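**Q** I'd like to ask you about the structure that follows.
2 protein chains.
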Amino acid sequence: MTLMKDKIVTLADKLIRVKGFNAFSYKDIADPLSVKNAAVHYHFPSKADLGMAVIGEEMQRFQHSVQQWQQLPEEEQLALLVDVFRKHCYAGNVCLMGSLAPDYETLTPQMQEKINEMAEAIVEWVTTCLEKGRKNKRFHFKGTAGDRALLVISNLQSSLLLARVMGPEAFDRIGRQLLEDLRS
Amino acid sequence: MTLMKDKIVTLADKLIRVKGFNAFSYKDIADPLSVKNAAVHYHFPSKADLGMAVIGEEMQRFQHSVQQWQQLPEEEQLALLVDVFRKHCYAGNVCLMGSLAPDYETLTPQMQEKINEMAEAIVEWVTTCLEKGRKNKRFHFKGTAGDRALLVISNLQSSLLLARVMGPEAFDRIGRQLLEDLRS
DNA sequence: TTGCTTACTTACTAGTAAGTAAGTAACTTG
DNA sequence: CAAGTTACTTACTTACTAGTAAGTAAGCAA
């Protein structure tokens with residue numbers, strides 16, 4: 001594997017999370033990596049190609065994480081998901097969905113499709129986690145697991161957005177209450 | 001009042017909600033209103049000035065709405081807030097906070113400050129609404145009203161982001177479950 | 001050693017961004 | 001009626017955007 005290609009994706013991921021997809025340029029990637037913007041275009045001909053790669057990496061990281069968690073009790077699995085978001089919070093990041101969804105209408109159909117897939121994957125996982133946890137009496141909640149999953153995901157997503165505006169304690173309050181709500 | 005100035009703010013509001021602050025240009029405003037981009041700069045010298053005006057208008061609309069609702073039972077007040085978001089959902093909009101928060105780091109300190117004020121205002125109102133509703137036995141929830149308010153707001157905010165990606169039924173499921181959770 | 005591929009650089013284009021200076025027509029005010 | 005103000009237009013600048021064409025140095029493959 002090329003080192004440079006990975007570095008570009010990593011930096012693009014950070015830039016999307018901090019500034020947003022439409023607010024960073026190839027220069028913002030090329031300069032810190034000490035290459036020319038044409039080098040970025042060599043690896044990712046269009047900005048959409050780069051965006052696709054960033055989303056792809058995120059989906060791989062997610063699948064890898066949940067696979068590692070699958071033997072744990074459901075409440076711990078969900079707490080670990082909250083931890084992933086907490087780390088982003090303290091790194092000054094928002095989540096990919098939270099950053100890309102507002103820009104959705106400005107993105108290529110391929111990027112939109114890939115974002116859809118990412119959303120489906122996370123909803124499906126949280127839904128299954130909640131369903132199993134409810135069967136095991138580890139989780140208690142009203143309504144369908146699918147509806148509850150949407151609430152949990154929307155809490156996590158927006159907690160990062162609110163934390164950016166109101167400070168990281170907003171994240172902690174949401175993350176704590178969210179897990180507590182499911183316990184009783 | 002000038003008609004043009006109002007039209008510019010209204011259109012900018014729509015563009016921020018649909019494309020994001022960094023993805024629209026003065027041309028996107030000037031062309032549909034059949035004026036030159038310099039006319040927009042006449043009313044709003046910098047893009048940040050325009051952004052400030054959009055946020056200011058939103059805050060005024062919010063204050064006006066909640067004032068009109070103040071005699072209603074708290075559950076109805078909250079349901080009306082959900083309705084405001086529902087209308088945005090079906091208009092293809094995200095909320096201002098949801099659009100501006102991801103771009104926060106790219107905005108001027110003044111815009112950031114104004115976004116902070118907007119966030120504080122909405123959190124304060126929801127907190128008070130939940131507190132009163134709990135006293136009246138209209139709402140039932142665990143934890144502090146402040147924490148619960150953050151959860152409600154994050155649900156509403158992200159429901160619009162998720163609806164954009166997953167379709168409007170995501171909003172409906174979140175909005176319904178959210179109100180139901182507070183009833184029992 | 002010849003030729004092909006990889007990973008770039010150099011140098012450029014065409015388009016668009018925000019922003020401005022100067023001018024003007026219409027309206028308002030003393 | 002004269003002077004100023006309002007709400008623009010015309011014409012422009014500077015800076016940056018994504019993207020490309022052509023060249024090159026290093027490595028590998030037959």
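Here the protein sequences line up with chains A and B, keeping their order. Note that UniProt numbering gives residue 66 to position 66 of the first sequence, counting from 1, and the numbers run on in steps of one. Note that UniProt numbering gives residue 101 to position 101 of the second sequence, counting from 1, and the numbers run on in steps of one. All C-beta atoms, glycine included, are put in the ideal place defined by N, C-alpha and C. Because the structure is a prediction, the values reported are computed rather than measured.
1. Quick check on residue 143/A: does DSSP put it in helix, strand or coil?
2. How should residue 42/A be labelled, buried or exposed, when 16 other C-beta atoms within 10 angstroms of its C-beta is the threshold for buried?
3. Excluding sequence positions up to five away, which residues of its chain have a Cβ less than 8 Å from the Cβ of residue 88/B?
4. From what residue to what residue does the alpha helix (DSSP H) around residue 176/B run?
5. Name the chain A residues whose beta carbon is nearer than 7 Å to that of residue 19/B?
6. Leaving out the 5 sequence neighbours to the left and right, which residues in its chain are closer than 8 Å to residue 84/A when beta-carbon positions are compared?
7. By the 10 Å Cβ neighbour count, where 16 or more other Cβ atoms means buried, how is residue 61/A classified, buried or exposed?
8. Give the interface partners of residue 110/B over in chain A, defined as CB-CB distance under 7 Å, in chain order.
9. Is the CB of residue 161/B under 8 Å away from at least one CB in chain A?
10. Within the same chain, show all residues whose beta-carbon is closer than 8 Å to that of residue 131/B, passing over the 5 residues directly before and after it, in chain order.
11. Excluding the 5 residues flanking residue 50/A on each side, which residues of the same chain have their C-beta closer than 6 Å to its C-beta?
12. Under 8 Å: do the region 151-167 of chain B and the region 108-122 of chain A share three or more Cβ pairs, one atom per stretch?
13. Tell me where the alpha helix (DSSP H) around residue 113/B begins and ends.
14. Would residue 158/B be called buried (16 or more neighbouring beta carbons within 10 Å of its own) or exposed?
15. So, is residue 77/A buried or exposed, given that buried needs 16 or more other C-beta atoms within 10 angstroms?
16. Determine which residues of the region 80-105 of chain A have a Cβ less than 9 Å from any Cβ of chain B, and write them out in chain order.
17. Below 8 Å on the Cβ atoms is my guess for residue 150/B versus residue 179/A; work out the distance and round it to an integer in Å.
18. Would you say residue 138/A faces chain B, with C-beta separation under 8 Å as the test?
19. Looking at chain A, which residues of the region 117-150 of chain B have a Cβ within less than 8 Å of any of its Cβ atoms?
**A** Let me spell this out:
1. Position 143 of the first sequence, counting from 1, holds the residue named residue 143/A. Residue 143/A falls in the coil class under three-state DSSP.
2. Within the first sequence, the letter at position 42 stands for residue 42/A. It is exposed - the Cβ of residue 42/A has fewer than 16 other Cβ atoms within 10 Å.
3. In the second sequence, residue 88/B corresponds to position 88, counting from 1. Counting only residues of its own chain and dropping the five nearest sequence neighbours on each side, residue 88/B has a CB closer than 8 Å to the CB of 17, 94, 95 and 160.
4. Position 176 of the second sequence, counted from the first residue, corresponds to residue 176/B. It spans 169-183 - the alpha helix (DSSP H) in which residue 176/B sits, taken as one unbroken run.
5. Position 19 of the second sequence, counted from the start, is the residue given in the question as residue 19/B. For residue 19/B, the chain A residues whose Cβ falls inside 7 Å of its Cβ are 105 and 106, in order along the chain.
6. Taking the first residue of the first sequence as position 1, residue 84/A is located at position 84. Hits under 8 Å: 65.
7. Start at 1 with the first residue of the first sequence, and residue 61/A comes out as number 61. Label assigned to residue 61/A: exposed.
8. In the second sequence, the residue the question calls residue 110/B occupies position 110. Per Cβ cutoff of 7 Å: no residues; residue 110/B is ~14 Å from chain A at best.
9. Residue 161/B sits at position 161 when you count from the first residue of the second sequence. At least one chain A Cβ lies under 8 Å of residue 161/B.
10. Here residue 131/B refers to the residue found at position 131 when the second sequence is read from its first residue. These residues qualify, in order along the chain: 145.
11. Residue mapping note: residue 50/A aligns to position 50 of the first sequence, counting from 1. Taken in chain order, the residues that qualify are 12 and 44.
12. Yes: the two stretches touch, three or more of their Cβ pairs being nearer than 8 Å.
13. One-based indexing of the second sequence puts residue 113/B at position 113. Segment 109-135, the alpha helix (DSSP H) holding residue 113/B.
14. Taking the first residue of the second sequence as 1, we reach residue 158/B at position 158. Looking at its Cβ environment, which holds 16 or more other Cβ atoms inside 10 Å, residue 158/B is buried.
15. On the first sequence, position 77 is the one that residue 77/A refers to. The Cβ neighbour count for residue 77/A, taken over all protein chains shown within 10 Å, is at least 16; the residue is labelled buried.
16. If you check each beta-carbon in the region 80-105 of chain A against every beta-carbon of chain B, the ones closer than 9 Å belong to 92, 94, 97, 98, 99, 100, 101, 102, 103, 104 and 105.
17. Along the second sequence, one-based indexing puts residue 150/B at 150. Along the first sequence, one-based indexing puts residue 179/A at 179. Wrong, their Cβ atoms sit about 14 Å apart, outside the cutoff.
18. The residue given as residue 138/A occupies position 138 in the first sequence. Taking Cβ atoms only, chain B never reaches closer than 8 Å to residue 138/A, which makes this a no.
19. 119, 120, 123, 142, 143, 146, 147, 148 and 150
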